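Participant: FYI, in full-length UniProt numbering the residues of the sequence shown are 1 to 294.
So that we are looking at the same thing, I have put the structure below in structure tokens.
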Amino acid sequence: MKKARLIYNPSSGREEMRRLLPDVLHRLDRAGIETSCFATEGEGDATREAGDAVERGYDIIIAAGGDGTLNEVVNGMAGRENLPPLGVFPLGTTNDFARAMGISKRWEEYCDLVIENKTRYIDIGRVNGRHFVNIAGGGSLTELTYEVPSRLKTRIGQLAYYMKGIEKVASLSPTELVIKAEGQPQMHGEFMLFLIANSNSVGGFEKLAPGAVIDDGLFDVIAVKKCNLGEFLRLLTLALRGEHFNDPHVVYFKTNRMEVTSPASLVQLNLDGELGGELPGVFEMLPQHMRIFA
1 MKKARLIYNP SSGREEMRRL LPDVLHRLDR AGIETSCFAT EGEGDATREA
51 GDAVERGYDI IIAAGGDGTL NEVVNGMAGR ENLPPLGVFP LGTTNDFARA
101 MGISKRWEEY CDLVIENKTR YIDIGRVNGR HFVNIAGGGS LTELTYEVPS
151 RLKTRIGQLA YYMKGIEKVA SLSPTELVIK AEGQPQMHGE FMLFLIANSN
201 SVGGFEKLAP GAVIDDGLFD VIAVKKCNLG EFLRLLTLAL RGEHFNDPHV
251 VYFKTNRMEV TSPASLVQLN LDGELGGELP GVFEMLPQHM RIFA
């Protein structure tokens with residue numbers, strides 16, 4: 001019998017996992033997967049528990065929650081040897097990674113995927129000793145995902161991000177950045193934000209980085225040069241349709257390694273929707289580093 005460790009955020013998805021847990025455990029157990037659970041209570045819990053689960057030799061680790069919970073679990077696993085495959089129950093507000101991977105929100109279907117042992121390899125990003133599975137970025141607009149209170153996300157879901165986004169757009173300001181990327185000329189100037197995508201689903205936008213592939217060993221990088229509010233709003237409209245790449249304010253390229261510094265400003269990093277430290281940062285790709293059920 002296989003052993004699985006299910007790490008879940010009890011507040012994700014309007015506390016849906018509390019209700020589903022007995023049925024999920026029963027379905028897995030009936031298929032020969034003995035599953036024990038761990039409910040997170042605070043920041044860092046999922047990382048510590050995932051690392052412990054790898055050390056204890058679990059055959060399967062499952063993350064149940066949003067992109068933040070997934071990021072913590074990945075940080076507990078990445079960089080270790082003999083990694084078990086990772087399962088992802090998408091219960092958060094945006095579920096960017098699950099959307100990119102085509103993972104069903106129907107728990108029965110995903111349990112069956114785990115039971116049938118259908119896995120694929122994925123790339124993992126690393127910056128300053130931390131890992132990310134889907135997206136890294138910097139700039140004032142990228143801060144909204146970790147500034148929205150979790151209680152508000154639980155109550156009104158995606159609308160919480162839209163409310164915060166309207167507030168942030170009105171006060172957008174550029175940041176001086178130096179960007180050095182493998183295979184690209186150095187860039188030094190003022191930017192509204194930069195995004196490093198590992199998949200084609202970013203902040204609920206599936207056309208922001210449509211060419212990003214989770215296992216090609218490359219990041220898709222998008223940087224927005226300094227512009228005024230009207231130009232930025234127009235750019236957002238273009239991004240909804242996937243027509244932003246020809247805009248003169250947009251820089252786009254692929255790379256497997258890049259360094260970003262800011263000579264003048266304190267710039268916080270966003271990793272999978274969570275606060276991920278500050279610049280300077282060296283972003284590196286770990287190609288096909290983990291297996292997930294997908």
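Built from N, CA and C at the ideal position, the CB exists for glycine as well.
Model, not experiment: these values are computed from the prediction.
Express the C-alpha separation of I196 and S36 in angstroms, rounding to a whole number.
Facilitator: The alpha-carbon atoms of S36 and I196 are separated by roughly 35 angstroms.
Participant: Quick one: is D29 buried, meaning 16 or more other Cβ sit within 10 Å of its Cβ, or exposed?
Facilitator: So D29 ends up on the exposed side.
Participant: Tell me, please, whether the region 243 to 259 touches the region 42 to 56 by the rule of three or more beta-carbon pairs shorter than 8 angstroms.
Facilitator: Segments in contact, no.
Participant: Does DSSP put R5 in a helix, in a strand, or in coil?
Facilitator: Residue state, collapsed to three classes: strand.
Participant: State buried or exposed for M1, treating a residue as buried only when at least 16 other CB atoms are found within 10 Å of its CB.
Facilitator: By the neighbour-count rule (16 or more Cβ atoms within 10 Å), M1 is not buried but exposed.
Participant: For L193, does the three-state DSSP call read helix, strand or coil?
Facilitator: DSSP places L193 in strand when its eight states are reduced to three.
Participant: Would you kindly work out how many angstroms separate the C-alpha atoms of K3 and G276, rounded to a whole number?
Facilitator: One C-alpha to the other measures close to 31 angstroms.
Participant: Where do the N-terminal and C-terminal ends of the alpha helix (DSSP H) with P210 fall, by residue?
Facilitator: Unbroken run through P210: none, as it is neither H nor E.
Participant: Only counting the same chain, and skipping five residues up and downstream in sequence, which positions put a Cβ closer than 8 angstroms to that of F194?
Facilitator: Excluding residues within five positions, the ones whose Cβ falls inside 8 angstroms are G137, G138, G139, L177, I179, V221, I222, A223, V224, V260.
Participant: Tell me the start and end of each unbroken beta strand (DSSP E) in the region 13 to 76 that is at least 3 residues and wholly inside, in chain order.
Facilitator: Counting only runs of 3 or more, we get 33 to 39, 60 to 65.
Participant: Residue 342 bridges to which residues according to DSSP?
Facilitator: Lying outside 1 to 294, the shown extent of the chain, residue 342 is not represented and no answer is given.
Participant: Measuring CB to CB, does F293 end up less than 8 angstroms from S199?
Facilitator: For F293 and S199, no; Cβs fall outside 8 angstroms.
Participant: If you count every other CB in all the chains shown that lies within 10 Å of the CB of R19, and 16 or more means buried, which is it?
Facilitator: Label assigned to R19: exposed.
Participant: So what does DSSP say about R126, is it helix, strand or coil?
Facilitator: It is a strand residue.
Participant: Is it buried or exposed, A63, if we count other Cβ atoms within 10 angstroms and call 16 or more buried?
Facilitator: A63 comes out buried.
Participant: For G230, report the span of its alpha helix (DSSP H) as first-last.
Facilitator: Start and end: 229 to 241.
Participant: Determine, using beta-carbon pairs with one atom in the region 282 to 293 and one in the region 122 to 130, whether at least three such pairs fall under 8 angstroms.
Facilitator: Because the criterion of three Cβ pairs below 8 angstroms is met, the region 282 to 293 and the region 122 to 130 touch.
Participant: So the candidates are L70, R99, F191, F89; which of them puts its Cα closest to the Cα of V213?
Facilitator: Residue R99 is the option with its Cα nearest to V213.
Participant: Under 8 angstroms between the Cβ atoms of H26 and N75?
Facilitator: Contact flag unset, no.
Participant: So what does DSSP say about A264, is it helix, strand or coil?
Facilitator: Of the three classes helix, strand and coil, the one that applies to A264 here is coil, per DSSP.
Participant: Looking at C-alpha atoms only, which residue of E43, A239, N128 is the closest neighbour of F283?
Facilitator: When only C-alpha atoms are compared, the closest one is N128.
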